[in-house]
Amino acid sequence: MRTEVVSEAGTPDRPNEDFAVVGLPASGQGGCAIVLDGVTPPEDGTGCLHSVPWFTARLGGALTELTVSAPDLTLPEILARAIRRTADAHSGTCDLSHPRTPQATVVLTRWSDDTVEYLVLSDSALLLQSPDGTVTAVLDDRLDRIPRDRLASDAIADATVRNKEGGFFTAAADPSVAARAVTGSVPRHRVRALAALTDGATRWTEKFREGDWTTLLDVVRKEGARALVDRVRELEAADREERAFLRRSKTHDDATVVYAEL
């Protein structure tokens, strides 16, 4: 099995808020891939004493342990338990009801000899490649469907659409959000490879329109995950001044790619 994990901070002066892991049980049977994209906090705080990297490390660690060790649990059950475990770790010191309490997008996938299961919450992406080369993108597109005026500022988004009915959802402190995720499964023999990516890496397709999902996965497969991140950085740098590509709040974003050939 070939696996790759690349995760790079958007800028050297800020810690990487993403989390990525490939879990391969000692038995050699099955495995999992997990990607979290921590939501950068606003300047006026989150009601929490802890950083976003602290949160994504805690949530990612809980997801890894549960996904590898508890095959009887569904992926939504695993996400709900991981959120609850992480919330319990700081509920005594932090205001977890704050709309910007540390939170993250989630891609969680688990495979056995027979099945590939997946869960996607918010705007990170999962790509599944079939043996004939067809690529299927598993996306939670609720954020893209929100009117732009609802996202005009942090305050407006927090009050109207963040983790609210009719808006979009992230993994924060409420375990019930796991039921909002996009989930499914496909037979193992129908998946040759998969890639989980944060939106800092999917910019290559979604923002800069350099190629479709199939082309993006071909870059990762042929040139490596590092090559995709490098291409994104080149495009970001070239567009730094003009900002021709709208809806890009940061010049550089944390970029993470996990790739696995099954």
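Take the position in the sequence shown, starting the count at 1, then add 1; the result is the number in our numbering.
Just so you know, even glycine gets a beta-carbon here, dropped at the ideal spot from N, CA and C.
Small disclaimer: the values here were computed from a predicted structure and weren't measured.
Helix, strand or coil at residue i [DSSP, three-state]
| i | result |
| --- | --- |
| T57 | helix |
| E78 | helix |
| V233 | helix |
| S186 | strand |
| T47 | coil |
| G201 | helix |
| D124 | coil |
| V40 | coil |
| R248 | At R248, the pLDDT of 49 sits below 50, so the modelled position is not reliable and the matter cannot be decided from this model. |
| D254 | coil |
| E224 | helix |
| D73 | coil |
| D19 | strand |
| T87 | helix |
| G62 | helix |
| S177 | helix |
| D14 | coil |
Presumed contact (8 angstroms Cβ cut-off) between residue i and residue j, rounded CB distance
| i | j | result |
| --- | --- | --- |
| V36 | A58 | Actually they are not in contact, since the Cβ atoms of V36 and A58 sit about 13 angstroms apart, beyond 8 angstroms. |
| A261 | T65 | Not really, about 14 angstroms apart at Cβ, beyond 8 angstroms. |
| H253 | T41 | With a Cβ gap of about 12 angstroms, H253 and T41 do not count as contacting. |
| V117 | S186 | 6 angstroms |
| S123 | L144 | 6 angstroms |
| E18 | G39 | 3 angstroms |
| A179 | P77 | 4 angstroms |
| A196 | L218 | 6 angstroms |
| P54 | P16 | 5 angstroms |
| R189 | D115 | 5 angstroms |
Residues bridged to residue i [DSSP beta-bridge criterion]
| i | result |
| --- | --- |
| A261 | T4, L195 |
| S154 | The partner list for S154 (beta bridge, DSSP) is empty, contrary to what the question assumes. |
| G93 | G93 pairs with nothing; no bridge assigned. |
| C33 | G24, R111 |
| F169 | R163 |
| E9 | A256 |
| L129 | T137, L195 |
| A105 | G39, A172 |
| T116 | P188 |
Option in the options with minimal Cα separation from residue i
| i | options | result |
| --- | --- | --- |
| S28 | D124, D141, G225, P72 | P72 |
| G32 | V233, D213, A228, A194 | A194 |
| T102 | A238, R210, D175, D14 | D175 |
| F169 | L109, A196, A105 | A105 |
| A228 | S186, K251, T257, D213 | T257 |
| T199 | V187, G167, V121, R111 | V121 |
| A182 | T94, L97, V259, N164 | N164 |
| V162 | D96, P100, P43 | P100 |
| R149 | A238, H91, A158 | A158 |
C-beta neighbour in chain B for residue i, strict 9 angstroms
| i | result |
| --- | --- |
| V53 | Of the chains in the structure shown, none is chain B; there is only one protein chain. |
Heavy atom of the ligand GTP within 8 angstroms of residue i beta-carbon
| i | result |
| --- | --- |
| T41 | Because no ligand of any kind appears in the structure shown, any question about the ligand GTP cannot be addressed here. |
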